[in-house]
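Read the structure below first, then the notes.
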Amino acid sequence: MFAKAFRVKSNTAIKGSDRRKLRADVTTAFPTLGTDQVSELVPGKEELNIVKLYAYKGDAVTVYVSGGNPILFELEKNLYPTVYTLWSYPDLLPTFTTWPLVLEKLVGGADLMLPGLVMPPAGLPQVQKGDLCAISLVGNRAPVAIGVAAMSTAEMLTSGLKGRGFSVLHTYQDHLCPEGRQLDIRKSSYKKLSKFLQQMQQEQIIQVKELSKGVESIVAVDWKHPRITSFVIPEPSPTSQTIQEGSREQPYHPPDIKPLYCVPASMTLLFQESGHKKGSFLEGSEVRTIIINYAKKNDLVDADNKNLVKLDPILCDCILEKNEQHTVMKLPWDSLLTRCLEKLQPAYQVTFPGQEPIVKKGKICPIDITLAQRASNKKVTVVRNLEAYGLDPYSVAAILQQRCQASTTVTPAPGAKDSLQVQIQGNQVHHLGWLLLEEYQLPRKHIQGLEKAPKPGKKK
Numbered sequence: 001m002f003a004k005a006f007r008v009k010s011n012t013a014i015k016g017s018d019r020r021k022l023r024a025d026v027t028t029a030f031p032t033l034g035t036d037q038v039s040e041l042v043p044g045k046e047e048l049n050i051v052k053l054y055a056y057k058g059d060a061v062t063v064y065v066s067g068g069n070p071i072l073f074e075l076e077k078n079l080y081p082t083v084y085t086l087w088s089y090p091d092l093l094p095t096f097t098t099w100p101l102v103l104e105k106l107v108g109g110a111d112l113m114l115p116g117l118v119m120p121p122a123g124l125p126q127v128q129k130g131d132l133c134a135i136s137l138v139g140n141r142a143p144v145a146i147g148v149a150a151m152s153t154a155e156m157l158t159s160g161l162k163g164r165g166f167s168v169l170h171t172y173q174d175h176l177c178p179e180g181r182q183l184d185i186r187k188s189s190y191k192k193l194s195k196f197l198q199q200m201q202q203e204q205i206i207q208v209k210e211l212s213k214g215v216e217s218i219v220a221v222d223w224k225h226p227r228i229t230s231f232v233i234p235e236p237s238p239t240s241q242t243i244q245e246g247s248r249e250q251p252y253h254p255p256d257i258k259p260l261y262c263v264p265a266s267m268t269l270l271f272q273e274s275g276h277k278k279g280s281f282l283e284g285s286e287v288r289t290i291i292i293n294y295a296k297k298n299d300l301v302d303a304d305n306k307n308l309v310k311l312d313p314i315l316c317d318c319i320l321e322k323n324e325q326h327t328v329m330k331l332p333w334d335s336l337l338t339r340c341l342e343k344l345q346p347a348y349q350v351t352f353p354g355q356e357p358i359v360k361k362g363k364i365c366p367i368d369i370t371l372a373q374r375a376s377n378k379k380v381t382v383v384r385n386l387e388a389y390g391l392d393p394y395s396v397a398a399i400l401q402q403r404c405q406a407s408t409t410v411t412p413a414p415g416a417k418d419s420l421q422v423q424i425q426g427n428q429v430h431h432l433g434w435l436l437l438e439e440y441q442l443p444r445k446h447i448q449g450l451e452k453a454p455k456p457g458k459k460k
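Start counting the sequence shown at 1; every next residue gets the next number (UniProt numbering).
The following block contains the structure:
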């Protein structure tokens with residue numbers, strides 16, 4: 001909504017009666033806020049303005065600005081918090097998590113698609129279609145966007161996490177944010193702006209120059225400075241921790257992964273008698289039962305040799321190659337079943353503890369561990385595809401950094417959309433293998449590259 005510049009219609013100080021009404025509206029819209037929190041959000045005496053504007057698509061929006069910061073906005077008689085407000089009250093809305101790479105798209109006006117969601121160990125928050133939700137990034141619980149759920153949590157899981165998940169209304173860094181990006185120095189320990197700028201320059205966070213006589217300007221900001229990159233919202237109070245209980249702090253439990261088969265268009269005639277159509281998902285045992293029942297029902301079992309099955313026109317079209325159509329008349333049971341499975345499309349089902357199963361086409365990518373050479377011929381360990389198994393790359397990186405006493409970085413995975421990779425200095429396959437196999441209890445078959453661990457007696 002605020003991805004592009006808007007037009008301000010008016011900006012007026014709020015009246016006493018409107019201030020009281022706003023407090024009542026906030027209490028109704030957000031019942032989890034206590035009386036003190038509502039009074040803190042909508043102060044009784046501090047400056048509070050009502051800004052009426054038209055968004056770039058023509059929507060009439062009312063924004064409430066306190067101390068120069070946008071705290072709430074109203075659209076079609078519905079009240080919404082800004083990300084600025086959510087930083088102070090991070091548990092105000094159910095929060096879904098996405099990858100840092102997705103934020104740029106959201107700021108540009110895109111909605112949040114379900115493939116971009118991160119599945120936490122405890123599962124997704126329970127919401128209904130139309131519920132207001134917050135969106136945060138992996139590694140930082142401070143919300144960066146708000147949106148309306150396009151479907152319920154149950155529908156999200158049933159869809160296999162495909163399609164549009166949230167209609168995004170407002171994001172960090174959109175055009176509403178600069179209006180409130182102000183700092184009240186009088187309420188800080190610096191008291192004066194000149195002292196604050198001097199201190200920030202001494203710490204090499206900013207560069208200040210006098211570009212014109214008597215006017216100092218910030219000409220550069222070191223966005224990679226530790227004071228900036230390490231900034232996170234304070235941990236919640238004991239009350240809010242109770243609300244968050246059962247979400248991110250629960251221990252990791254591996255998902256149950258089951259291989260499936262999907263019926264393609266070329267196989268629909270064979271499966272339609274059993275009530276399955278194109279796109280149906282089946283387990284291997286179900287496919288076997290369907291083929292056996294089809295052969296017996298259509299009297300295709302060879303009378304002289306029960307181990308052979310006669311091929312009718314449907315079986316011929318479904319499982320035989322073109323050059324076999326007139327030469328292969330019968331097949332052994334094993335060969336028939338094997339060919340049927342090969343003609344079906346691969347799929348899989350992932351079930352996280354306490355959550356509905358998620359079904360996807362294709363084969364699940366294993367966690368991929370590789371070794372690479374970097375500058376000065378130094379080895380690094382790289383691990384990809386952690387997200388598919390509900391693992392947070394940033395958490396894994398933090399654990400490995402401590403265990404291995406080596407530097408770790410998290411970067412976008414080359415060639416993989418909205419996916420991250422963890423890089424650890426040195427050959428740390430042994431530590432990584434222990435973490436994945438012993439502590440996270442992931443099956444070895446879903447991890448590739450474990451054989452790259454250093455051999456005893458060799459340097460890493």
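Beta carbons: idealized from backbone N, C-alpha and C, even for Gly.
For this session: In angstroms with no decimal places, state the Cα-to-Cα distance between residue 207 and residue 218.
Result: Here the question's residue 207 lines up with position 207 in the sequence shown. Here the question's residue 218 lines up with position 218 in the sequence shown. Rounded to the nearest angstrom, the two C-alpha atoms are 6 Å apart.
Exercise. Given that a residue counts as buried once 16 or more other Cβ atoms are within 10 Å of its Cβ, and exposed if not, what is residue 329?
Worked result: Against the sequence shown, residue 329 aligns to sequence position 329. Burial call: exposed.
Problem set entry | Beta-carbon proximity list for residue 151, same chain, < 6 Å, skipping 5 on both sides | Walking along the sequence shown from the start, residue 151 turns up at place 151. Once the five neighbours on either side are set aside, the close Cβ partners of residue 151 are 129.
For this session: Give the DSSP-derived three-state secondary structure of residue 430 in the structure shown.
Result: Locating residue 430 in the sequence shown gives position 430, counting from the first residue. Of the three classes helix, strand and coil, the one that applies to residue 430 here is helix, per DSSP.
Problem set entry | Status (buried if at least 16 other CB within 10 Å, exposed otherwise) for residue 270 | Along the sequence shown, read from residue 1 onward, the residue named residue 270 stands at position 270. Residue 270 is buried by the Cβ-count criterion.
Problem set entry | Pairwise C-alpha distance: residue 91 and residue 402 | Here residue 402 is taken as the residue at index 402 of the sequence shown, counted from 1. Here residue 91 is taken as the residue at index 91 of the sequence shown, counted from 1. Those two C-alpha atoms are separated by around 29 Å.
Exercise. How long is the line joining the alpha carbons of residue 290 and residue 340, rounded to whole angstroms?
Worked result: As a first step, residue 290 must be located in the sequence shown, where it is residue number 290. As a first step, residue 340 must be located in the sequence shown, where it is residue number 340. Using only the alpha carbons, I get a separation of about 11 Å.
Problem set entry | Cβ neighbour criterion (16 or more within 10 Å) applied to residue 44 | Indexing the sequence shown from 1 puts residue 44 at position 44. Label assigned to residue 44: exposed.
Exercise. So, helix, strand or coil for residue 164, using DSSP?
Worked result: As a working mapping, residue 164 is identified with position 164 in the sequence shown. Residue 164 falls in the strand class under three-state DSSP.
Problem set entry | When 426, 2 and 142 are compared against residue 376, the one with the closest alpha-carbon | On the sequence shown, residue 376 is found 376 positions in, with the first residue counted as 1. Residue 376 has its Cα closest to that of 426, out of 426, 2 and 142.
Problem set entry | residue 66 versus 409, 141, 41 and 25, residue with shortest Cα-Cα distance | Start at 1 with the first residue of the sequence shown, and residue 66 comes out as number 66. Here the closest residue by C-alpha is 41.
Exercise. Which partner residues does residue 348 have in the DSSP bridge list?
Worked result: Numbered from 1 along the sequence shown, position 348 holds the residue referred to as residue 348. Its beta-bridge partners are 259 and 360.
Exercise. Which ranges would you report for the alpha helix (DSSP H) in the stretch 84 to 155 if only whole runs of at least 4 residues count?
Worked result: 100 to 107
Exercise. Taking just the CA atoms, how far does residue 88 sit from residue 239?
Worked result: Here residue 239 is taken as the residue at index 239 of the sequence shown, counted from 1. Here residue 88 is taken as the residue at index 88 of the sequence shown, counted from 1. Confidence at residue 239 is low in this model, with a pLDDT of 35, below 50, so its placement is unreliable and the value that follows should be read with caution. Their Cα atoms are separated by approximately 14 Å.
Exercise. Per DSSP, which one or two residues make a beta bridge with residue 268?
Worked result: Taking the first residue of the sequence shown as position 1, residue 268 is located at position 268. Answer is none; residue 268 lacks a bridge partner.
Problem set entry | Residue burial classification, residue 293 (beta-carbon count within 10 angstroms, cutoff 16) | In the sequence shown, residue 293 corresponds to position 293, counting from 1. The residue in question, residue 293, is exposed, as its Cβ has fewer than 16 Cβ neighbours within 10 Å.
For this session: Return the residue from the list 113, 95 and 116 that minimises the CA-CA distance to residue 135.
Result: Counting from one through the sequence shown, the residue named residue 135 turns up at place 135. Among 113, 95 and 116, the Cα nearest to that of residue 135 is on 95.
Exercise. Do the CB positions of residue 336 and residue 380 come within less than 9 Å of each other?
Worked result: In the sequence shown, counting from the first residue as 1, residue 336 sits at position 336. In the sequence shown, counting from the first residue as 1, residue 380 sits at position 380. Taking 9 Å as the Cβ cut-off, residue 336 and residue 380 do not qualify as a contacting pair.
For this session: Can you grab the Cα-Cα spacing for the pair residue 70 / residue 133, in whole Å?
Result: The residue labelled residue 70 in the question sits at position 70 within the sequence shown. The residue labelled residue 133 in the question sits at position 133 within the sequence shown. Computed Cα separation, rounded: 18 Å.
Exercise. Which first and last residues belong to the beta strand (DSSP E) in which residue 71 is found?
Worked result: Position 71 of the sequence shown, counted from the first residue, corresponds to residue 71. Residues 69 to 75.
Exercise. Three or more beta-carbon pairs under 8 Å between the stretch 251 to 263 and the stretch 299 to 318, yes or no?
Worked result: no
Problem set entry | Pick from 409, 423, 419 and 400 that is closest to residue 439, judged by C-alpha positions | One-based indexing of the sequence shown puts residue 439 at position 439. Among 409, 423, 419 and 400, the Cα nearest to that of residue 439 belongs to 400.
Exercise. Would the beta-carbon of residue 418 fall within 9 Å of that of residue 101?
Worked result: For the purposes of this step, residue 418 is taken as residue 418 along the sequence shown, with counting starting at 1. For the purposes of this step, residue 101 is taken as residue 101 along the sequence shown, with counting starting at 1. Cβ atoms of residue 418 and residue 101: closer than 9 Å.
Exercise. Leaving out the 5 sequence neighbours to the left and right, which residues in its chain are closer than 7 Å to residue 2 when beta-carbon positions are compared?
Worked result: Looking up residue 2 in the sequence shown gives position 2. Contacts found: 55, 170, 174, 175 and 176.
Problem set entry | For residue 53 and residue 10, the rounded distance between their alpha carbons | Stepping through the sequence shown from its first residue, residue 10 is reached at position 10. Stepping through the sequence shown from its first residue, residue 53 is reached at position 53. Distance between the alpha carbons of residue 10 and residue 53: 7 Å.
For this session: Assess, as a yes-or-no matter, whether the stretch 442 to 449 is touched by the stretch 154 to 172 under the definition of 3 or more beta carbon pairs within less than 8 Å.
Result: no
Exercise. Between the stretch 348 to 362 and the stretch 256 to 267, do three or more beta carbon pairs fall short of 8 Å?
Worked result: yes
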